[in-house]
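Residue 4 is where the sequence shown starts when you use the numbering used here, and the numbers rise one by one after that. Heads up, the beta-carbon is just placed ideally off N, CA and C, and yes, glycines get one too.
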Amino acid sequence: MSRNEIKRGEIYYITFAPVVGSEQHGGRPGIVVSNNMNNAHSNTIEVVYLTTQPKKMLPTHTTITATGRDSVALCEQINTVDKSRVGLYIGELSAREMAAVEEAITASLALRIENARPKIPYACMACKNMGDIEETINRASVSAQRDAYKAICETLIETINNKN
Numbered sequence: 004m005s006r007n008e009i010k011r012g013e014i015y016y017i018t019f020a021p022v023v024g025s026e027q028h029g030g031r032p033g034i035v036v037s038n039n040m041n042n043a044h045s046n047t048i049e050v051v052y053l054t055t056q057p058k059k060m061l062p063t064h065t066t067i068t069a070t071g072r073d074s075v076a077l078c079e080q081i082n083t084v085d086k087s088r089v090g091l092y093i094g095e096l097s098a099r100e101m102a103a104v105e106e107a108i109t110a111s112l113a114l115r116i117e118n119a120r121p122k123i124p125y126a127c128m129a130c131k132n133m134g135d136i137e138e139t140i141n142r143a144s145v146s147a148q149r150d151a152y153k154a155i156c157e158t159l160i161e162t163i164n165n166k167n
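Structure below.
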């Protein structure tokens with residue numbers, strides 16, 4: 004298989020790479036989570052590693068059975084790997100499993116709509132300011148009308164005074 008045919012949701016054995024601390028290392032199965040355009044045109048892919056070790060079921064973890072063994076996808080650790088480290092094709096996630104992985108990644112990166120709190124006050128402020136904007140426009144319109152009538156009145160007064 005060509006390295007450009009790697010697809011999102013597929014599972015490959017990723018060869019070992021040095022790690023630091025709690026980082027997950029290669030030498031284990033990884034689920035491809037990068038988009039297919041990237042997978043086709045880049046020398047790297049993003050993977051979420053699998054482990055068969057018991058893990059706390061956090062919102063960033065999801066159980067995967069597509070490898071033939073119950074595994075946990077560690078979605079809080081998305082890793083970029085060079086395609087040269089991609090080894091044996093193991094399998095592909097079901098639609099249900101891929102949706103669970105996407106949900107866990109969403110939780111890990113706090114991409115949920117309800118977590119986007121900073122945007123909501125700004126949107127509310129914009130709505131609140133719309134009233135201020137409308138009021139300003141109305142004032143400007145009233146001021147323009149006033150100035151026009153004032154100019155007409157001044158012209159009429161001047162015309163009357165010049166006739167007397």
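Taking Ala-110 as the reference, give the member of Ile-9, Gly-12, Glu-79, Leu-96 with the closest Cα.
If you number the sequence shown from 1, residue 110 lands on position 107. If we check each option's Cα against that of Ala-110, Glu-79 comes out closest.
Might you give, ordered along the chain, the residues of its own chain that have their beta carbon closer than 8 Å to the beta carbon of Tyr-125, omitting 5 neighbours on each side?
The residue labelled residue 125 in the question sits at position 122 within the sequence shown. Low local confidence applies: a pLDDT of 47 at Tyr-125 is under 50, so the model's placement there is unreliable, with the coordinate-based value given in what follows. Answer for Tyr-125: no residue qualifies.
Go through its chain and collect everything with a Cβ distance to Thr-68's Cβ below 6 Å, but skip five positions before and after it.
If you number the sequence shown from 1, residue 68 lands on position 65. Counting only Cβ-Cβ distances below 6 Å, and skipping sequence neighbours, we find nothing.
Answer yes if the region 89-99 comes into contact with the region 55-64, meaning at least three C-beta pairs across the two stretches below 8 Å, and no otherwise.
No, the region 55-64 is not in contact with the region 89-99.
Under the assumption that Ile-93 contacts Thr-70 (Cβ atoms under 8 Å), give the Cβ distance between them as a whole number of angstroms.
The residue labelled residue 93 in the question sits at position 90 within the sequence shown. The residue labelled residue 70 in the question sits at position 67 within the sequence shown. Yes, they are in contact, since the Cβ atoms of Ile-93 and Thr-70 sit about 6 Å apart, within 8 Å.
Which of the three DSSP states is assigned to Thr-70 in this structure?
As a working mapping, residue 70 is identified with position 67 in the sequence shown. Thr-70 falls in the coil class under three-state DSSP.
Beta strand (DSSP E) containing Arg-31: first to last residue?
Taking the sequence shown and counting its residues from 1, the one referred to as residue 31 is at position 28. Here the beta strand (DSSP E) through Arg-31 covers 31-35.
Strictly by DSSP, which residues pair up with Gly-94?
In the sequence shown, residue 94 corresponds to position 91, counting from 1. The partner list for Gly-94 (beta bridge, DSSP) reads Ile-14.
Note down, in chain order, each residue of its chain lying with its Cβ closer than 6 Å to the Cβ of Tyr-52, except the 5 sequence neighbours on either side.
Against the sequence shown, residue 52 aligns to sequence position 49. Excluding residues within five positions, the ones whose Cβ falls inside 6 Å are Gln-27, Arg-31, Gly-33, Leu-77.
So who's on the other strand from Val-89, going by DSSP bridges?
On the sequence shown, position 86 is the one that residue 89 refers to. Ile-17.
Pull up the distance between the alpha-carbon of Val-104 and that of Ser-74, whole angstroms please.
If you number the sequence shown from 1, residue 104 lands on position 101. If you number the sequence shown from 1, residue 74 lands on position 71. Those two C-alpha atoms are separated by around 12 Å.
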